[in-house]
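S.K.: I have a structure here, written as structure tokens, and I will follow up with some questions on it.
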Amino acid sequence: MIHLLKNQISAVLLAGFGITSFTALAQQPAYQLWYTKPTEKWTDALPIGNGRLGAMIFAGVEKDHIQFNEETLWTGGPRDYNHKGAAAYLPQIRQLLFEGKQQEAEKLAAEKFMGSMSGAGDRTKWVGDMKALKGLQGNPALENYDDQSWKSIKVPSYEGWEAVGLSGLDGAVWFRTTFEAPANWQGKDLVLDLNRIRDQDLTYVNGTLIGNTDGTEPRKYTIPAKLLKPGKNTIAIQVLNYFDKGGLAGYKDTSKAIAVYPKDAPGNGVSLVKEWKYKVQNDEPPLVPQFQASYQPFGDLYLSFKTENEAVTNYKRKLDLNTAVASTTYTLKGINYLREYLASQPDQAIVIRLTADKKGSISFDALLGSPHKYSGVKKINANTIALSLKVRDGVLKGESRLQAIITKGKLLVTANKISIVAADAVTLYLTAGTSFVNDKDVSGNPASAAVKALTGLNGKSYAQVKAAHIKEYQKYYPAFSVSFGPDSKASLPTDERIEQFSDGHDPAFAALFMQYGRYLLISSSRPGTQPANLQGIWNELLTPPWGSKYTTNINLEMNYWPTGVLNLSAMAEPLIRKINALAKNGEVTAKVHYNAKGWVLHHNTDLWNGTAPINASNHGIWVSGAGWLSQHLWEHYLFTQDLNFLKNEAYPVMKQAAVFFNDFLIKDPKTGWLISTPSNSPENGGLVAGPTMDHQIIRTLFRNCIAATALLGVDADFKKTLEQKITLIAPNQIGKYGQLQEWLEDKDDTTNKHRHVSHLWGVHPGNDITWDTPDMMKAARQSLIYRGDEGTGWSLAWKINFWARFKDGNHAMKMVKMLISPAAKGGGAYINLFDAHPPFQIDGNFGGAAGIAEMLLQSHTQFVELLPALPADLPEGEVKGICARGGFVLNFKWKDGALSAVEVYSKTGGVCLLRYGNKITSIATQRGASYKFNGDLEKL
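Note that the working numbering gives residue 516 to position 395 of the sequence shown, counting from 1, and the numbers run on in steps of one.
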């Protein structure tokens, strides 16, 4: 990848190609996220990252919290994900689908075709031990059991006991509370309404078992009248949690309370929403089998300050997108304090600098901790402590080091913390690494990366470290700039701008959102790292949503939509390396599951590069992951025009994806077309034969391979095979409602508001459907109208891109406003501008940024089209360093909704067909030359 990396960094630097009138490297708007109050929860915190290490900055005054991640800390380990013998059942599954027997096909596929899972522990024995009260003294179910020494916890918690203090806990926990029974309840049967408990419960009242449920069913247990006592009654519940969220969940709608009430008077109850006593009986449940691994948090750094309850003024926390430096400032007792936080790529460390404008004012304790059960902290030397850990459900180990450098004052290191008293200034260096080497090798020394980084920092000043960090970051960030006019609301904190954005006029905030997307991609996907996952590089949970892995039926791909157009081609390098690794494993899956050559990828993968189908057969058997990722290789070539990359890295992988489909496609007995089966239109409609999305991806892959063979002068026979096959693939079809059909049959439900709009892949990110075929484009638009505007965060982002391709800028802007609206009110943005699915998924940040770019420039057809979907809300603006396919970099301005000036730089030469409205000009560009035009595309 050295050749690729060198070329991509060069391409980024070319964005400052010496255009004198408006160069991208000059006059960046001062975009910042900033707030006047500390963080209350994780999605308020500000993210920093260097591609390998990520941190969330909570910025409390009395207690600061830096939650951090290292990109290779995952559960699981190297293993065979494939289901031996699966291919033997492929003909039968296909036949069942041809016969319209979907349920039977899904049942057979679930049993015989899905990938293999990791090993399971002995749940039966563990549950038996827990019910037998192993590990306890006495019986907590009894009414008079002494629970005075037990701790208290908030009940219920729909997001699990993890959200209310028991982070990282799976296992057996006892809960106890009491309620007062009114006198008029005597002689009546009562209902104990607990709703959901995760996972199994044994529920006792006054020492008698009244219910035992294992699963998600609501718990509404009858308390017989004979058990009820006047006055105080005791409830004891043993909760057995196997994996993920645990405890008394109650109702998602918190207006509904868990309660006890008479059967004949449900509205006359006693609420049980309160603090309950609890005791952990066992935190070693048997392992639960998993199809794939989950990304893990690493640890937490807590900084505890003694503020003596003095009033804090002038509080502000911010993230500067130009420098990738976060900061916290405040005034306490007349002293002005400053904390700066950065994630240095050159020095591979998270760096925290604490200063004040009065000497001797910095005093605090720094503590390291981790949610991992198998973790511990120890002293290394006079200014360093280390956090060591092992993942419970996996093979990986990790080690982090925290080192303090002080100016004057005193420093004391104990077993698990660093204490600093009366320093003038303090610099903290936080480093981390794991035992991961690659997807087949976990023999690395987990301490190596942490120790190496600290060794490299030895003797450097904070000023040097900060300068090196900014210099490296600014190889990428300033390559593109955007302004949508004066920032009239810059004086408002970010949370208030989010609140007002959907109903107000704040075009500059849309520009900030674009640049924040670029910042997040730079921070989570540097050359040489792992690719950005579902949460980029930031995760606080041991069991994050969807494993915080790589979902390849939209989400991973969306993460990388900004790389080409927003001048971040170098950030695609981790994805390209990932694709190469997946192609190797995917060859095995293609053979085992389909008896086919080439490579295949289904709808998810992880650190270990699993490629087999996972989860349920009604959505896990989706065969087009390799095809879609191959599109990214082709797009990378189109934007960079790097023929060596195409020849040596892209085309070989693209070809093998096409080889798979050449083997896999089968003739539909009803239509005679070649179709993809079994597969799925992501995550809608179950297992089917011939989903439209598959055919669009396969057709596009074949076209790209045909074009690549012509460019490279290779594989003439293979080219001929693809040219013949491509004409036989089932075409896009217009259905009875004027819609683009999602499936082979005309069976679309116009009331279906599903978040996926997969059959519009050919509109975006593909180019299988364009305005060159207006009837099909209108049918696609009609499908989107039927689907509706509402959606999850990433779905809203995709719809921005669709409406931009439909050249409806105002509708696209409507989707932007829905995306950048408060998550607390059902919108798509948390306070820190993280995308809300909900929960947090970062793809919407990247897809939204790319979507706004798509409103300003499109180059997926023969044209480089300027302002194709400009909304009324963006009447003026200027972009510098925006990129088009063909190796072109553009700067342009517009005012009063009309283009006023444009400049085109050609990286490699060739014809540029520039279009604005009905105006078209053809430029025979020379390598390294730039060309200027006015708003009418007249050359200057």
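Even glycine gets a Cβ: it sits at the ideal position worked out from N, Cα and C. Owing to the predicted nature of the structure, the values given are computational and were not obtained by experimental measurement.
1. Taking the CB atoms as reference points, tell me whether residue 965 and residue 917 lie closer together than 8 Å.
2. Roughly how many angstroms separate the alpha carbons of residue 869 and residue 802, rounded to a whole number?
3. State the Cα-Cα distance for the pair residue 931 and residue 992, rounded to the nearest angstrom.
4. For residue 601, name the three-state secondary structure that DSSP assigns.
5. Which ranges would you report for the beta strand (DSSP E) in the region 974 to 1012 if only whole runs of at least 3 residues count?
6. Could you check where the alpha helix (DSSP H) with residue 866 kicks off and where it finishes?
7. Nearest CA to the CA of residue 677: which residue from 642, 163, 708, 649?
8. Alpha carbons only, please: which of 623, 531, 317 is nearest the one belonging to residue 939?
9. Under a three-way DSSP split, which group does residue 1050 fall into?
10. Taking buried to mean at least 16 other C-beta atoms within 10 Å of its own C-beta, is residue 533 buried or exposed?
11. Hey, out of 832, 808, 963, 942, whose CA is closest to residue 216's CA?
12. Just list the beta strand (DSSP E) runs in the region 453 to 477, keeping only unbroken ones of 3 residues or longer that don't cross its boundaries, in chain order.
13. With a CB to CB cut of under 7 Å and the five nearest residues on each side skipped, what residues in its chain are close to residue 1043?
14. So if DSSP puts residue 297 in a beta bridge, which residue, or which two residues, is it bridged to?
15. Please tell me whether residue 806 and residue 798 are closer than 8 Å, where the distance is taken between their beta carbons.
16. Give, in chain order, every unbroken run of the beta strand (DSSP E) that is at least 3 residues long and sits entirely within the region 738 to 768.
17. Taking 7 Å as the limit between beta carbons, can you name the residues of its chain near residue 781, skipping five residues before and five after?
18. For a test of the three-state rule: what should DSSP assign to residue 573, helix, strand or coil?
19. Quick one: what's got a C-beta closer than 6 Å to residue 546's C-beta in the same chain, skipping five residues either side?
20. Going by C-alpha to C-alpha distance, which of 872, 257, 996, 902 sits closest to residue 884?
21. Less than 8 Å between the C-beta atoms of residue 397 and residue 273, yes or no?
22. Between residue 518 and the ligand SAH, is there a pair consisting of the residue's CB and a ligand heavy atom that are separated by less than 7 Å?
23. Drop a sphere of 10 angstroms on the beta-carbon of residue 305, count the other beta-carbons inside from all chains shown, and report buried for 16 or more, exposed for fewer.
24. By Cβ distance below 6 Å, which residues in the same chain neighbour residue 423 in space, the five residues on each side in sequence not counted?
25. Identify which residue in 1059, 427, 1025, 1029 has its Cα closest to the Cα of residue 1052.
26. When we look at the beta-carbon of residue 558 and count the other beta-carbons within 10 Å, is it buried (16 or more) or exposed?
27. Measuring CA to CA, which of 207, 181, 479, 165 is closest to residue 734?
28. Between the region 642 to 659 and the region 957 to 975, do at least 3 Cβ pairs fall closer than 8 Å?
29. Cα separation between residue 944 and residue 607?
30. Assuming residue 189 is part of the beta strand (DSSP E), what are its boundary residues?
31. What first and last residue would you give for the alpha helix (DSSP H) that runs through residue 224?
32. May I have the straight-line CA-CA distance separating residue 1016 from residue 1040, to the nearest angstrom?
33. Of the choices 426, 403, 326, whose alpha-carbon is the least far from that of residue 363?
34. Which same chain residues end up closer than 8 Å to residue 388 when comparing Cβ atoms and leaving out the 5 residues on each side of it in sequence?
35. Which ranges would you report for the beta strand (DSSP E) in the region 226 to 286 if only whole runs of at least 3 residues count?
36. Between the Cα of residue 199 and those of 706, 684, 438, 241, spot the shortest distance and give me the residue it belongs to.
M.R.: Looking at the coordinates:
1. For residue 965 and residue 917, yes; Cβs fall inside 8 Å.
2. Approximately 12 Å, taken between the alpha carbons.
3. In this structure, the CA atom of residue 931 is about 5 Å from the CA atom of residue 992.
4. Reduced to three states, the DSSP call for residue 601 is coil.
5. Segments of the beta strand (DSSP E) lying fully in the region 974 to 1012: 985 to 987, 998 to 1005.
6. Per DSSP, residue 866 belongs to no alpha helix (DSSP H) and is neither H nor E.
7. Looking at the Cα atoms, 642 is the closest of the given residues.
8. Between residue 939 and the set 623, 531, 317, the nearest pair of CA atoms involves 623.
9. Looking at residue 1050 - three-state DSSP - the assignment turns out to be coil, as it is neither helix nor strand.
10. With a 10 Å radius around the Cβ and a threshold of 16 neighbouring Cβ atoms, residue 533 comes out exposed.
11. If we check each option's Cα against that of residue 216, 808 comes out closest.
12. The region 453 to 477 contains these whole beta strand (DSSP E) runs: 456 to 465, 470 to 477.
13. Apart from sequence neighbours up to five positions away, the residues of its chain that approach residue 1043 with a beta-carbon distance below 7 Å are 1032, 1034, ordered along the chain.
14. Residue 297 pairs with 357, 398.
15. In this structure, residue 806 lies away from residue 798, with their beta-carbon atoms at least 8 Å apart.
16. List check, beta strand (DSSP E) in window: nothing returned.
17. By the criterion of a C-beta distance shorter than 7 Å, residue 781 is surrounded in its chain by 711, 717, 718, 719, 720, 721, 747, once the five residues flanking it on both sides are discounted.
18. If DSSP states are grouped into helix, strand and coil, residue 573 belongs with the helices.
19. Same-chain partners within the cutoff: 476, 528.
20. With distances taken between Cα atoms, residue 884 lies closest to 902.
21. Taking 8 Å as the Cβ cut-off, residue 397 and residue 273 qualify as a contacting pair.
22. In the structure shown, the ligand SAH is absent, as is every other ligand, since no ligand is present at all.
23. Around the beta carbon of residue 305, a 10 Å sphere encloses fewer than 16 other beta carbons of the protein chains shown; the residue is thus reported as exposed.
24. For residue 423, the CB contacts under 6 Å within the same chain, skipping 5 residues up- and downstream, are 186, 488 in chain order.
25. Here the closest residue by C-alpha is 1025.
26. Classification of residue 558: exposed, given that the 10 Å Cβ count is below 16.
27. Nearest to residue 734 by C-alpha distance, out of 207, 181, 479, 165, is 207.
28. With the cut-off at 8 Å, the region 642 to 659 and the region 957 to 975 touch.
29. If I take the Cα positions, the gap works out to 27 Å.
30. DSSP places residue 189 in the uninterrupted beta strand (DSSP E) bounded by 184 to 191.
31. 223 to 233 is the extent of the alpha helix (DSSP H) around residue 224.
32. Each residue's alpha carbon lies about 17 Å from the other.
33. Out of 426, 403, 326, 403 has the C-alpha closest to the C-alpha of residue 363.
34. Cβ contact annotation for residue 388 (same chain, cutoff 8 Å, sequence separation greater than five): 382, in chain order.
35. If we require 3 residues or more, the beta strand (DSSP E) runs fully inside the region 226 to 286 come out as 272 to 276.
36. Looking at the Cα atoms, 706 is the closest of the given residues.
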